[in-house]
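Inspection log for the structure reproduced underneath, given as structure tokens.
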Amino acid sequence: MKATVLAHPNIALVKYWGKRDDALILPHQSSLSLTLSPLSVTTTVEFGVPTDAVELNGHVAKGSERERVLRLLESVRAQAGDKSLGPAKVVSRGDFPMAAGLASSAAGFAALAVAGRAAAGLPRDTKAESILARLGSGSACRSVQGGFCEWQRGERPDGDDSFAVQRFDAAHWPELRMVVAILDRGEKDVKSRDGMKQAVETSPYYAAWVKDAEAEVPRAREHIARRDLQALGELCERNAWRMHSTSLAAEPPLCYLNAATVGLIHHLREHRKKGVPVWFTLDAGPNPVLLTDAANEVAAEALARACGALDVIRCVPGGDATLKSEHLF
Numbered sequence: 286m287k288a289t290v291l292a293h294p295n296i297a298l299v300k301y302w303g304k305r306d307d308a309l310i311l312p313h314q315s316s317l318s319l320t321l322s323p324l325s326v327t328t329t330v331e332f333g334v335p336t337d338a339v340e341l342n343g344h345v346a347k348g349s350e351r352e353r354v355l356r357l358l359e360s361v362r363a364q365a366g367d368k369s370l371g372p373a374k375v376v377s378r379g380d381f382p383m384a385a386g387l388a389s390s391a392a393g394f395a396a397l398a399v400a401g402r403a404a405a406g407l408p409r410d411t412k413a414e415s416i417l418a419r420l421g422s423g424s425a426c427r428s429v430q431g432g433f434c435e436w437q438r439g440e441r442p443d444g445d446d447s448f449a450v451q452r453f454d455a456a457h458w459p460e461l462r463m464v465v466a467i468l469d470r471g472e473k474d475v476k477s478r479d480g481m482k483q484a485v486e487t488s489p490y491y492a493a494w495v496k497d498a499e500a501e502v503p504r505a506r507e508h509i510a511r512r513d514l515q516a517l518g519e520l521c522e523r524n525a526w527r528m529h530s531t532s533l534a535a536e537p538p539l540c541y542l543n544a545a546t547v548g549l550i551h552h553l554r555e556h557r558k559k560g561v562p563v564w565f566t567l568d569a570g571p572n573p574v575l576l577t578d579a580a581n582e583v584a585a586e587a588l589a590r591a592c593g594a595l596d597v598i599r600c601v602p603g604g605d606a607t608l609k610s611e612h613l614f
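Now the structure itself:
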């Protein structure tokens with residue numbers, strides 16, 4: 286009745302931005318991501334406790350934050366066919382900034398989904414875990430497995446065909462590096478789910494975004510298969526700019542970038558002219574993730590720090606969400 290899981294966040298190389306179904310968290314288009322190590326979230330779930338309790342990063346969860354966790358566990362009970370599992374206690378801790386555009390919710394809900402099913406006595410099943418994680422946070426479906434994962438848009442209204450599949454494992458491209466440049470540790474003013482809704486409902490560019498992003502997924506797969514850093518880097522930048530352009534065109538305009546973000550992006554261009562292979566991608570937050578290789582990660586870190594990074598985290602392709610023997614309580 287108790288299980289603990291460690292899961293890694295992922296960074297979308299082809300972004301997910303916008304839902305066609307808010308309740309089931311079904312996307313308008315497919316997306317493709319890379320799981321990042323060593324960043325992680327560890328979550329312990331125990332059923333059969335006296336009363337429901339949720340603790341996230343040292344504080345008691347309240348309101349919608351708490352409800353999202355407990356709602357996912359209700360889905361676990363349904364999958365287990367056992368409403369008598371009783372109340373649940375959840376404790377979750379991450380080792381990187383939350384709500385700063387680094388996919389903390391992806392790692393958190395992936396860990397919760399896998400731990401919840403394990404605590405309920407259900408066997409490992411990556412499809413079922415991915416669908417369950419998606420119900421907590423869309424991008425979480427891509428953190429159940431490591432390496433490069435593709436969240437398939439799906440067509441079914443019940444969402445049974447909308448889940449992530451691993452296209453390449455973490456060992457496929459061992460030289461690849463993602464350098465996280467933390468320019469701002471604060472929480473963003475507009476959460477991703479609210480920003481997506483705003484873009485879907487008000488941006489005149491949104492339909493074009495959906496069509497273009499869907500077409501980029503097979504191109505990204507091809508670049509990854511060939512381990513073509515330049516082609517993948519150019520695609521990542523193009524896709525990130527188009528996502529943020531869609532948001533900037535929303536009403537009111539939605540801007541996740543700050544001055545330091547823009548400054549760092551401009552410096553990347555100058556360094557590429559000097560022969561340094563480094564590109565960026567950027568989720569809904571001010572902290573870019575730099576795409577490079579092992580031979581140039583030191584140069585990428587130096588560039589980020591020179592542009593005002595408060596901290597820099599070097600990442601490699603991460604692995605699957607894994608069960609742990611040591612619990613958080």
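Quick note: to get the numbering used here, add 285 to the position in the sequence shown (first position is 1).
Glycine is no exception: its CB is placed at the ideal position from the N, C-alpha and C atoms.
For residue i, the first and last residue of its enclosing alpha helix (DSSP H)
i, result
"Phe381", "That residue, Phe381, is in no alpha helix (DSSP H); it is neither H nor E in DSSP."
"Ala434", "Going by the sequence as given, residue 434 is Cys instead of Ala. Run containing Cys434: none in the alpha helix (DSSP H); it sits in the beta strand (DSSP E), Phe433 to Trp436."
"Phe453", "Premise fails: Phe453 lies in the beta strand (DSSP E), Ala449 to Phe453, not in any alpha helix (DSSP H)."
"Asp410", "Note, Asp410: premise wrong, no alpha helix (DSSP H); not H, not E."
"Glu350", "Gly348 to Ala365"
"Asp474", "Element bounds for Asp474: n/a, residue is neither H nor E."
Burial state of residue i, where buried means 16 or more other Cβ atoms lie within 10 Å
i, result
"Ala385", "Below a pLDDT of 50, predicted positions are generally treated as unreliable, and Ala385, at 48, falls in that range; the measurement from the model is reported next regardless. Classification for Ala385: buried."
"Lys558", "exposed"
"Arg554", "exposed"
"Ala606", "buried"
"Lys300", "buried"
"Arg356", "exposed"
"Leu517", "buried"
"Arg441", "exposed"
"Pro537", "exposed"
"Ser610", "exposed"
"Gly303", "buried"
"Leu608", "exposed"
Whole-number beta carbon distance between residue j and residue i, since they are thought to touch under 8 Å
i, j, result
"Gly480", "Leu539", "5 Å"
"Leu324", "Cys521", "Rounded, the Cβ-Cβ distance is 18 Å, inconsistent with contact."
"Thr397", "Val330", "According to the sequence provided, residue 397 is Leu. The question's Thr does not apply to it. The pair is a contact, with the Cβ atoms about 7 Å apart (cut-off 8 Å)."
"Arg419", "Ile310", "5 Å"
"Ala591", "Leu575", "With a Cβ gap of about 13 Å, Ala591 and Leu575 do not count as contacting."
"Gly371", "Phe332", "5 Å"
"Ser415", "Ala449", "5 Å"
"Arg462", "Ala308", "Wrong, their Cβ atoms sit about 38 Å apart, outside the cutoff."
"Gly401", "Leu358", "5 Å"
Residue i and residue j closer than 8 Å at C-beta
i, j, result
"Gly603", "Leu321", "yes"
"Thr336", "Leu613", "no"
"Val339", "Val361", "no"
"Leu317", "Arg506", "yes"
"Ala292", "Ala404", "no"
"Val334", "Ala373", "yes"
"Leu468", "Gly348", "no"
"Val345", "Glu435", "no"
"His466", "Val563", "This sequence places Ala at residue 466; His is not what is there. Not closer than 8 Å, so no."
"Pro312", "Ser389", "no"
"Thr531", "Ser488", "yes"
"Gly566", "Ala525", "This sequence places Thr at residue 566; Gly is not what is there. A contact, by the Cβ cut-off of 8 Å."
"Glu499", "Ser377", "no"
First and last residue of the uninterrupted beta strand (DSSP E) at residue i
i, result
"Val334", "From DSSP, Val334 is part of no beta strand (DSSP E); its letter is neither H nor E."
"Ile296", "Asn295 to Val299"
"Lys496", "Counting along the chain, Lys496 falls outside any beta strand (DSSP E), though it belongs to the alpha helix (DSSP H) covering Tyr491 to Arg511."
"Cys600", "Asp596 to Pro602"
"Met463", "Leu461 to Ile467"
"Ser530", "Careful: Ser530 lies outside any beta strand (DSSP E), inside the alpha helix (DSSP H) at Leu514 to Leu533."
Notebook entry, point to check: Of all the alpha helix (DSSP H) runs that stay within the bounds of the segment 536 to 575, which reach a length of 4 or more residues?
Noted result: You should have 544 to 558.
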